[in-house]
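Position in the sequence shown (from 1) plus 86 gives the number in my numbering. In this text, a Cβ means the ideal position worked out from N, Cα and C, and glycines have one as well.
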Amino acid sequence: MESTTEFIYQKYINCSGVCTDTRNIIPNTIFFCLKGENFDGNNFVNEALEKGAKYVVTENTNFKKHPQCICVDDSLKSLQDLSLYHRRKCSIPIIGITGTNGKTTTKELLVAVLSKKYRVAYTKGNFNNHIGVPLTLLSIQKEDEIAVVEMGANHPGEIAQLCKLVLPDFGVITNIGKAHIEGFKTFENIINTKKALYQAVINRGGTLFVNKNDDLLISLINGYKSIIYYNPELLLVDTCEVELLHLSFLLNKREVRTHLTGKYNLNNILAAMVIGDFFNVTTDDIIQAIEEYTPTNSRSQIVKEGNNTIIADFYNANPSSMKAALLNLHEHNHPSKLAILGEMRELGNSSFEEHQKIIELCNELNIKTLFIGEAFCEHNPPLCFATVSDLNAYLQRTPIQNSLILLKGSRSIHLENVRIA
Numbered sequence: 087m088e089s090t091t092e093f094i095y096q097k098y099i100n101c102s103g104v105c106t107d108t109r110n111i112i113p114n115t116i117f118f119c120l121k122g123e124n125f126d127g128n129n130f131v132n133e134a135l136e137k138g139a140k141y142v143v144t145e146n147t148n149f150k151k152h153p154q155c156i157c158v159d160d161s162l163k164s165l166q167d168l169s170l171y172h173r174r175k176c177s178i179p180i181i182g183i184t185g186t187n188g189k190t191t192t193k194e195l196l197v198a199v200l201s202k203k204y205r206v207a208y209t210k211g212n213f214n215n216h217i218g219v220p221l222t223l224l225s226i227q228k229e230d231e232i233a234v235v236e237m238g239a240n241h242p243g244e245i246a247q248l249c250k251l252v253l254p255d256f257g258v259i260t261n262i263g264k265a266h267i268e269g270f271k272t273f274e275n276i277i278n279t280k281k282a283l284y285q286a287v288i289n290r291g292g293t294l295f296v297n298k299n300d301d302l303l304i305s306l307i308n309g310y311k312s313i314i315y316y317n318p319e320l321l322l323v324d325t326c327e328v329e330l331l332h333l334s335f336l337l338n339k340r341e342v343r344t345h346l347t348g349k350y351n352l353n354n355i356l357a358a359m360v361i362g363d364f365f366n367v368t369t370d371d372i373i374q375a376i377e378e379y380t381p382t383n384s385r386s387q388i389v390k391e392g393n394n395t396i397i398a399d400f401y402n403a404n405p406s407s408m409k410a411a412l413l414n415l416h417e418h419n420h421p422s423k424l425a426i427l428g429e430m431r432e433l434g435n436s437s438f439e440e441h442q443k444i445i446e447l448c449n450e451l452n453i454k455t456l457f458i459g460e461a462f463c464e465h466n467p468p469l470c471f472a473t474v475s476d477l478n479a480y481l482q483r484t485p486i487q488n489s490l491i492l493l494k495g496s497r498s499i500h501l502e503n504v505r506i507a
């Protein structure tokens, strides 16, 4: 007897894709009615059909007899089951990426490198959760030769659940730090959640790519043999520096100039390079891909605004990434440097201590800083503002000129609304 997943799959292979948002429906797709905290896709069945969805998967039993509707008990589980069914039919290698910092940048660098030789399916943007990962898997087409899947988590066990869908043949963890501690409760839970990627790859007899300079990652390997290590020494990297805000380094005495800022990005670059080499991308193509890559989405972006230069790095923030960004700002030789820091969210009970450490670091590095958010303000630093609007009012009265400015904070602070000029 044909299962519901098999039935939906037969519909899927004759459609042009899958969609979960009526605002972005493309005709001839399957629309899955998902539920969230503030919405219920099951209320938009008719709208999805009117906008051209070929089929709708819904929990709304009122559409049980509709020829274009497939009624299920759980639309999200149906989406995930469909993605696993499709994954099992894919024979291409799949690389899983996770980590606290740098996973999206590493993913994008790796896609740029692999695309020099292969047709690559990959996670778009940061669609790396229980919905985004299935959508990435379902985007894999028969012409694709390799896939790169980013996985994120903010609660214990989530990477293990995603790996059950992805079935990764290869894996890289960029690093493990204190982020989303409110959801994880403890750092140990973060470690155990992230290392599930290693275990999933090991279970499939695959290969891990591991930063040899990261003792924590090394400790999670448990004697596994199929490992490719990377670090500056192994790749003959020398003279890493940030010149005119951009990271450059020597690779086996050959200069590589990137559009990325911050030495903290070197490990992301090296991961992409060593994986590209593993998959037989030529050194020339790897270097060209790295040099051509330009960051987007407020991840280490260099932006000119009036006579100021802004390091826009506010896609997200946690203690380790904020420390790295401040150290990077400190290293730049500029006569007028300023940090605008939004509070770090989801730190739970460690929030007070971690924000205090950041304030102390700013003082230690002698960086003039404008702080935003209650978590900073409760420490009473000299210049702290409750909201971005309050900061903008200050900036109107006190314009910033000819400065190098770091914008860093949690995404929910909306630092994109800061008005420098």
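Secondary structure note for Y480: it is in no beta strand (DSSP E), and the uninterrupted alpha helix (DSSP H) holding it is 474-483. Taking the CA atoms as reference points, C326 sits about 32 Å from V287. For E391, the enclosing beta strand (DSSP E) begins and ends at 387-391. The DSSP-derived three-state label of C155 is strand. When the five nearest sequence neighbours on each side are left out, the beta carbons in the same chain lying within less than 6 Å of the beta carbon of I267 are those of L433, G434, S436, in order along the chain. The residue among N419, P179, L224 with its C-alpha nearest the C-alpha of S164 is L224. Proximity to F149 across G348, N129, N299, D167 peaks at N129, based on C-alpha coordinates. S496 and D399 have their C-alpha atoms roughly 10 Å apart. From the listed residues I314, Y315, P405, V342, the smallest Cα separation to E378 is found for V342. Taking a 10 Å sphere around the C-beta of S102, we find fewer than 16 other C-beta atoms and assign the residue as exposed. Per the C-alpha coordinates, the member of D370, H172, Q227 positioned closest to K203 is D370. Uninterrupted beta strand (DSSP E) stretches at least 3 residues long and entirely within the stretch 129-214 occur at 141-144, 155-157, 180-184, 206-208, given in chain order. By the Cβ neighbour-count rule, R173 is buried, with 16 or more other Cβ atoms within 10 Å of its own. Per DSSP, the unbroken beta strand (DSSP E) holding S334 starts and ends at 332-337. If you look at F295, you'll find it in the beta strand (DSSP E) that goes 293-297.
Around Y350, the same chain offers A410 as residues with beta carbons nearer than 6 Å, after the five sequence neighbours per side are excluded. In this chain, A239 is not harboured by any beta strand (DSSP E), its DSSP state being neither H nor E.
In this structure N419 does not touch Q487 by the C-beta definition: roughly 18 Å separates them, more than the 8 Å allowed.
Proximity of the stretch 314-321 to the stretch 224-235 falls short of the contact definition, fewer than three beta-carbon pairs being nearer than 8 Å. In this structure, A358 sits near I376, with a CB-CB distance shorter than 8 Å. Check the Cα spacing between P113 and each of A425, A139, D126, L120: the tightest is with A139.
Excluding five sequence positions before and after T108, the CB atoms of its chain that fall closer than 6 Å to its own CB belong to F130, E133, A134, given in chain order.
Judged by beta-carbon spacing, E440 lies beyond the 8 Å limit of I499, meaning their Cβ atoms are not closer than that value. In this chain, the beta strand (DSSP E) harbouring V258 covers 256-259. Rounded to whole angstroms, the Cβ separation of G257 and G292 is 7 Å, and the two are in contact under 8 Å.
A direct Cα-Cα distance of roughly 12 Å separates M237 from I180.
In the three-state reduction of the DSSP assignment, Y316 falls in the strand class.
One alpha carbon belongs to S305, the other to P485, and they sit about 49 Å apart.
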